[in-house]
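Trainee: Mind having a look at this structure? Questions to follow.
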Amino acid sequence: MVAAAGLTACTSATATGQACDQSHKRNLGVVAGSTANAPAITVPASATAQLKAAGESNGSVTVVIPSGTPQTMGTTSIGSSAQDAIVCQNDQRTKLTQITSYLAGLKAASPQVDFLGAIDQAARDLGSNPLGVLVFGSGLQTADPLDFAGSGLLYADPAQVVSDLRSRGLLPTDLKGVTVYWSGMGDTAGAQQPLTVPARSNLTAIWTAVIKAAGGTLSLLPEPASGGAEAGLPTVTPVPVEAVSTKTDWSHPVVIRNADLRFVKDTATFADAASAQQLLASLAPSIEQNSGVITITGTASKDQATNNTADTALSLRRANAVKAALVALGVPDAKLATAGVGYEWCGWKSETDASGAYSDALAEQNRSVVLTSAGVSLCG
Numbered sequence: 016m017v018a019a020a021g022l023t024a025c026t027s028a029t030a031t032g033q034a035c036d037q038s039h040k041r042n043l044g045v046v047a048g049s050t051a052n053a054p055a056i057t058v059p060a061s062a063t064a065q066l067k068a069a070g071e072s073n074g075s076v077t078v079v080i081p082s083g084t085p086q087t088m089g090t091t092s093i094g095s096s097a098q099d100a101i102v103c104q105n106d107q108r109t110k111l112t113q114i115t116s117y118l119a120g121l122k123a124a125s126p127q128v129d130f131l132g133a134i135d136q137a138a139r140d141l142g143s144n145p146l147g148v149l150v151f152g153s154g155l156q157t158a159d160p161l162d163f164a165g166s167g168l169l170y171a172d173p174a175q176v177v178s179d180l181r182s183r184g185l186l187p188t189d190l191k192g193v194t195v196y197w198s199g200m201g202d203t204a205g206a207q208q209p210l211t212v213p214a215r216s217n218l219t220a221i222w223t224a225v226i227k228a229a230g231g232t233l234s235l236l237p238e239p240a241s242g243g244a245e246a247g248l249p250t251v252t253p254v255p256v257e258a259v260s261t262k263t264d265w266s267h268p269v270v271i272r273n274a275d276l277r278f279v280k281d282t283a284t285f286a287d288a289a290s291a292q293q294l295l296a297s298l299a300p301s302i303e304q305n306s307g308v309i310t311i312t313g314t315a316s317k318d319q320a321t322n323n324t325a326d327t328a329l330s331l332r333r334a335n336a337v338k339a340a341l342v343a344l345g346v347p348d349a350k351l352a353t354a355g356v357g358y359e360w361c362g363w364k365s366e367t368d369a370s371g372a373y374s375d376a377l378a379e380q381n382r383s384v385v386l387t388s389a390g391v392s393l394c395g
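Read in order, the letters of the sequence shown correspond to residues 16 to 395 in my numbering.
Written out as structure tokens, the structure is:
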């Protein structure tokens, strides 16, 4: 593995003490590498937590760059075989630093992007108790068989996409029971036009359906990828994005991240009202054309609260703020209902890291506004 030059070999200490536990190794596949039209790869706190968990189990990582022709960089241990507990922990911390630095430096080597093929390769040697597959990137694949740059695939029915992949025998074969942790889905840079809310929602729905059909589960990491693209990378064809999409699929929830709406902390006030209104404008036509009422539900992080009263009230105020912005865009008031659930809902995710400490980065994944049509649950 190319990383071997930067990752030290497992230490075998002569000091006495508790040895590193090798009996419950959990391996992690990693799809990483900066590509054109997407923010340069960084490793956020939630992704670091997954790498740390692999290291603390004395497992290994298999790294694949999602170039148009995926490039497997090999497998390396990020744990330790030391015979002393202190040396073991030091080894694990050192290797965590080394692997995060290594991943941030990876770059695509060939034109276009193939996440599906890279995920398939990264999942092949996870073992019987896999930690999962960690993916960095926009999700906007531009290589067959998921070429979002051509023929309107970004707005396709997720079920039809799955049916096509299944009929061609192109679903990944090693994702059964595996969680795919994805960082930066839908986040763009460079020549790629930003995604509208409907486009981002359908992109997520497509990948959710594909990974589910392959036997796995998709878990989006909370921190948005931001910043510019790396210069001088192989060409990636921009994916067309409709300025105002009327193709929103209301058969599943439409989730708007707090990172996109940007509420001022602990308030229902938009940090940038004009930006929020522009974001919501892409949803207004499809809401108006929907035959029923769309419910806007606010969700909140727990932030170590002891009860849900204040969070429920805050999440309802945020839902009402989104409704007011949509009404200002011309959506009839009668087409919209609001609700607030705080942190007590089906999609709430743990806000503590592997050590049990509260993490605001993990809490961010619970701060959102979810739009649903009649009969559709908040979790789809």
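Where a beta carbon is used, it is the ideal one built from N, C-alpha and C, also for glycine.
Whose C-beta lies closer than 6 angstroms to the C-beta of THR29 among residues of the same chain, with five residues either side of it excluded?
Mentor: In the sequence shown, the residue the question calls residue 29 occupies position 14. Per-residue confidence for THR29 stands at a pLDDT of 38, beneath the threshold of 50, marking its modelled position as unreliable; no derived number is given.
Trainee: Have a look at THR112, TYR170, LEU233 and flag the residue whose alpha-carbon is nearest the alpha-carbon of GLY192.
Mentor: For the purposes of this step, residue 192 is taken as the residue at position 177 of the sequence shown. The residue with the shortest Cα to Cα distance from GLY192 is LEU233.
Trainee: Would you kindly report the start and end of the unbroken alpha helix (DSSP H) that includes THR223?
Mentor: Translated into the one-based positions of the sequence shown, residue 223 becomes position 208. 212–228 is the extent of the alpha helix (DSSP H) around THR223.
Trainee: Measure the C-alpha to C-alpha separation of ALA47 and LYS350 and round it to an integer number of angstroms.
Mentor: Counted from its first residue, the sequence shown places residue 47 at position 32. Counted from its first residue, the sequence shown places residue 350 at position 335. Spanning the two alpha carbons is a distance of roughly 42 angstroms.
Trainee: Whose C-alpha, out of PRO253, THR188, ASP264, is nearest the C-alpha of THR203?
Mentor: The count along the sequence shown starts at 1 and reaches residue 203 at position 188. The shortest C-alpha separation from THR203 is found at PRO253.
Trainee: So, using beta-carbon positions, are GLN107 and GLY142 closer together than 7 angstroms?
Mentor: Position 92 of the sequence shown, counted from the first residue, corresponds to residue 107. Position 127 of the sequence shown, counted from the first residue, corresponds to residue 142. No, Cβ-Cβ distance for GLN107 and GLY142 is not below 7 angstroms.
Trainee: Please check the pair ASN381 and TRP363, which I expect to be a contact at CB under 8 angstroms, by giving their CB distance rounded to whole angstroms.
Mentor: Reading the sequence shown from its first residue, position 366 is the one you call residue 381. Reading the sequence shown from its first residue, position 348 is the one you call residue 363. Between TRP363 and ASN381 the Cβ distance is about 6 angstroms, and since that is below 8 angstroms, they are a contact.
Trainee: Please name the residue, chosen from GLY395, ASP375, ILE311, that lies closest to VAL356 on a Cα-to-Cα basis.
Mentor: Numbered from its first residue, the sequence shown carries residue 356 at position 341. The option with the nearest alpha carbon to VAL356 is ILE311.
Trainee: Going by beta carbon distance, what residues of the same chain come within less than 6 angstroms of GLY230, once the five residues before and after it are set aside?
Mentor: Numbered from its first residue, the sequence shown carries residue 230 at position 215. Once the five neighbours on either side are set aside, the close Cβ partners of GLY230 are LEU190, LYS191.
Trainee: Leaving out five residues before and five after TRP197 in sequence, what residues of the same chain have Cβ atoms less than 6 angstroms from its Cβ?
Mentor: Position 182 of the sequence shown, counted from the start, is the residue given in the question as residue 197. Counting only Cβ-Cβ distances below 6 angstroms, and skipping sequence neighbours, we find VAL150, LEU235.
Trainee: Taking contact to mean 3 or more Cβ pairs, one atom from each stretch, closer than 8 angstroms, check whether the stretch 83–95 and the stretch 169–178 are in contact.
Mentor: Contact between the stretch 83–95 and the stretch 169–178 is absent, with fewer than three C-beta pairs closer than 8 angstroms.
Trainee: On a Cα-Cα basis, can you pick out the residue from GLY154, CYS103, LEU131 that is closest to THR188?
Mentor: Position 173 of the sequence shown holds residue 188. Nearest option by C-alpha distance: LEU131.
Trainee: Give the straight-line distance between the Cα atoms of THR31 and ASN144, rounded to the nearest whole angstrom.
Mentor: As a working note, residue 31 is residue 16 in the sequence shown. As a working note, residue 144 is residue 129 in the sequence shown. With a pLDDT of 44 at THR31, under the threshold of 50, the predicted position of this residue should be treated as unreliable, though the coordinate-derived value follows. Each residue's alpha carbon lies about 29 angstroms from the other.
Trainee: Starting from the N-terminal side, write out each stretch of the beta strand (DSSP E) that is 3 residues or longer and does not extend beyond the stretch 231–277.
Mentor: 232–235, 269–272
Trainee: Taking the alpha-carbon of PRO59 as reference, which of ALA291, ARG215, SER116 has the nearest alpha-carbon?
Mentor: Residue mapping note: residue 59 aligns to position 44 of the sequence shown, counting from 1. Comparing Cα-Cα distances from PRO59 to each of ALA291, ARG215, SER116, the minimum goes to SER116.
Trainee: Starting from SER166, follow the alpha helix (DSSP H) in both directions and report where the run begins and ends.
Mentor: Within the sequence shown, residue 166 is the residue found at index 151, counting from 1. Counting along the chain, SER166 falls outside any alpha helix (DSSP H), and DSSP gives it neither H nor E.
Trainee: Between ALA354, PRO209, THR321, which has its C-alpha nearest VAL337's C-alpha?
Mentor: Counting from one through the sequence shown, the residue named residue 337 turns up at place 322. Selected option, being the one with the closest Cα: ALA354.
Trainee: Taking 7 angstroms as the threshold (beta carbon to beta carbon), is ASP281 in contact with chain B?
Mentor: Any reference to chain B falls outside this structure, which holds one protein chain only.
Trainee: Relative to the C-alpha of GLY205, which residue among ASN52, ARG332, PRO249 is closest?
Mentor: Stepping through the sequence shown from its first residue, residue 205 is reached at position 190. Of the candidates ASN52, ARG332, PRO249, the one whose C-alpha sits nearest the C-alpha of GLY205 is ASN52.
Trainee: My output table needs one value for ALA24: the three-state DSSP class, helix, strand or coil.
Mentor: The residue labelled residue 24 in the question sits at position 9 within the sequence shown. In this predicted model, ALA24 has a pLDDT of only 36, less than 50, meaning its place in the structure is not dependable; the value taken from the coordinates is given anyway. DSSP places ALA24 in coil when its eight states are reduced to three.
Trainee: Do you know offhand how far LEU248's Cα is from THR57's?
Mentor: In the sequence shown, the residue the question calls residue 248 occupies position 233. In the sequence shown, the residue the question calls residue 57 occupies position 42. C-alpha separation (whole angstroms): 16 angstroms.
Trainee: Flag this pair as yes or no: are the beta carbons of VAL270 and VAL385 separated by less than 7 angstroms?
Mentor: One-based indexing of the sequence shown puts residue 270 at position 255. One-based indexing of the sequence shown puts residue 385 at position 370. A contact, by the Cβ cut-off of 7 angstroms.
Trainee: Using only the alpha-carbon positions, how far apart do ALA34 and SER301 sit?
Mentor: On the sequence shown, position 19 is the one that residue 34 refers to. On the sequence shown, position 286 is the one that residue 301 refers to. Near 59 angstroms, if we compare the C-alpha coordinates of SER301 and ALA34.
Trainee: Helix, strand or coil for MET16? Go by DSSP, reduced to three states.
Mentor: One-based indexing of the sequence shown puts residue 16 at position 1. Low local confidence applies: a pLDDT of 43 at MET16 is under 50, so the model's placement there is unreliable, and no value is given.
Trainee: Restricting to Cα atoms, I'd like to know which of ASN42, ALA240, ASN105, SER49 is closest to SER92.
Mentor: Within the sequence shown, residue 92 is the residue found at index 77, counting from 1. For SER92, the nearest C-alpha among the options comes from ASN42.
Trainee: Out of curiosity, what's the CA-to-CA distance linking LEU294 and ILE309?
Mentor: For this step, residue 294 is matched to residue 279 along the sequence shown. For this step, residue 309 is matched to residue 294 along the sequence shown. Between LEU294 and ILE309, the C-alpha separation is close to 17 angstroms.
Trainee: Judging by CA-CA distance, which residue of SER61, ARG215, MET200 is the nearest neighbour of VAL256?
Mentor: Residue numbering aside, residue 256 sits at position 241 when the sequence shown is read from its first letter. The shortest C-alpha separation from VAL256 is found at ARG215.
Trainee: Return the residue from the list ARG181, ALA100, GLY89, PRO54 that minimises the CA-CA distance to SER72.
Mentor: Residue numbering aside, residue 72 sits at position 57 when the sequence shown is read from its first letter. For SER72, the nearest C-alpha among the options comes from ALA100.
Trainee: Can you look up LYS338 in the DSSP assignment and give me helix, strand or coil?
Mentor: What you label residue 338 is simply residue 323 of the sequence shown in a count that begins at 1. If DSSP states are grouped into helix, strand and coil, LYS338 belongs with the helices.
Trainee: How would you call PRO347, buried or exposed, if buried means at least 16 neighbouring beta carbons within 10 angstroms?
Mentor: As a first step, residue 347 is located in the sequence shown; it is residue number 332 there, counting from the start. With fewer than 16 other CB atoms across the displayed protein chains lying within 10 angstroms of its CB, PRO347 is exposed.
Trainee: How is LEU393 classed by DSSP in three states: helix, strand or coil?
Mentor: Counted from its first residue, the sequence shown places residue 393 at position 378. DSSP places LEU393 in coil when its eight states are reduced to three.
Trainee: Could you pull out every residue in the same chain whose Cβ sits closer than 7 angstroms to the Cβ of ASN305, ignoring the five residues on either side in sequence?
Mentor: Against the sequence shown, residue 305 aligns to sequence position 290. Hits under 7 angstroms: TRP265, SER388.
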